[in-house]
Structure formats: structure tokens, C-alpha cells
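In the working numbering, the protein residues as written are 17 to 250.
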């Protein structure tokens, strides 16, 4: 009975491969992702500007309500004094009671307007609490602080078209349009052929002592081309 000879092999290799970006199939998705990041940043800036504008409008409403309240309180004090004088004149018999009734009616109307202003002030304070995510006490404390006077900025020197292009919503719309265009370009790049290059180099021997001999060196180089023929509208 003959037994077959047994042999063992020893091998080590290194392989590398790559796809040359000839038609931009790799670069286009990366550019599209960067455009989407720009669009997200522009959207965040637009939201931030809108939030700041709404907070500023609410603060202006509160200042306006405070000024109206001060004027109404002055009017109420004046009307109260007028009603007191009309009552004195009425008791003295030198003036009819109609003047006192009219003054009291004006005072009642002023008090009613003051009550409505109080409710409006509470509503605006609630809006600021929601916009700033702070408590009512913190919002009131911030409103009582006196900041430095801010001078008015000079009139812009740009054209109206340039000012319009710098609006946050316009910048966001332009960034979203650029991102959509980059996505479309990335999809279009998939219709072009793709090239693939690969190479390998290594050592192969049937004995450890022959592993590093010149005859043990082996290598390979391969290239492939792939292109879509039918995509059925995808």
C-alpha cells in the first residue's frame, strides 16, 4: 500500500485596492453632504434670528404697555382730582352734579383700561417665559435692568437686492437649493462607469526556509469596469 506524500505551504500577502474617482461618483456625495450641513446651519441661523426678533418685539410691547400704564395712571389721578373739585363745587351749589358724574365716569374708564393693560402685560410676560425658557421672576429681573444706550446704526450702503440676499430666510432657501442640486448631481454620477483597481503582493513557499527566496515572491494586478445598463427608472 502506497501512501501519498504530504506537503505544507506557507504564504503571506498584502493586498490593496482603490477606485479612481474619474467621474466624481465619490466626490459628489461628499459635496452633497457638505451642502446639507450648510443648509442646516443656515436654517439654525434663521430660527435664531426669528427667535431674537420675537423676543425683541415682546420686550418692546412690554415697554409700550408700561408707558401706556404710566399715562393712564396720570390721567386717573387728574380725573380723580377733577371729580373731587366737582363734588366740592356741587356741595357749594355753584356747579351742577353733571360735572362730578362725568369726571367719575372718566375715572372708571381709566381704571378699566388699566385692568386690561394688566392682563395684556401678563400675556406678554408669559410669551417671554416661553421664548426664553426662564421663570417669570428671572424675566422680570432682566426687564428691570437698565442697559447702555445703543446708538442707531448708519444706513446700509448696499443695494436693496444685496440686503435682500442677506436675509436669513433667503440664505436658508439658497442653501437648501444648493443641497438639492448637489444631491441631484450625486445621483447623476452613478450613471457613469466605475473603475476598480486592485493589486496584491506576497510570498508563497512549501517550506519555511524557502519563504524569503526570490522565487517565492508572487504578485497580481487587476482592473475592472462596471457600468449600469438598466436601472428601470430608479
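Cβ atoms here follow ideal geometry from the backbone N, Cα and C, with glycine treated the same way.
Does residue i come out as helix, strand or coil in the three-state DSSP assignment?
i           : result
residue 210 : strand
residue 29  : strand
residue 234 : strand
residue 215 : strand
residue 243 : coil
residue 149 : coil
residue 221 : strand
residue 130 : helix
residue 110 : coil
residue 63  : helix
What does a CB cutoff of less than 6 angstroms around residue i pick up in its chain, not counting 5 residues either side in sequence?
i           : result
residue 37  : 43
residue 254 : Lying before the first or after the last residue shown, residue 254 is absent from the chain, which here runs from 17 to 250.
residue 91  : 126
residue 59  : 188
residue 135 : none
residue 197 : none
What's the C-alpha gap between residue i and residue j?
i           : j           : result
residue 144 : residue 189 : 28 angstroms
residue 74  : residue 85  : 16 angstroms
residue 232 : residue 216 : 14 angstroms
residue 48  : residue 67  : 29 angstroms
residue 167 : residue 181 : 25 angstroms
residue 113 : residue 98  : 13 angstroms
residue 194 : residue 221 : 57 angstroms
residue 123 : residue 109 : 23 angstroms
residue 35  : residue 243 : 13 angstroms
residue 223 : residue 30  : 20 angstroms
residue 201 : residue 62  : 26 angstroms
Look up residue i in the DSSP assignment and give the residues it is bridged to.
i           : result
residue 140 : In DSSP, residue 140 forms no bridge with anything.
residue 34  : 213
Only counting the same chain, and skipping five residues up and downstream in sequence, which positions put a Cβ closer than 8 angstroms to that of residue i?
i           : result
residue 141 : 78, 152, 155 and 156
residue 32  : 214, 215 and 216
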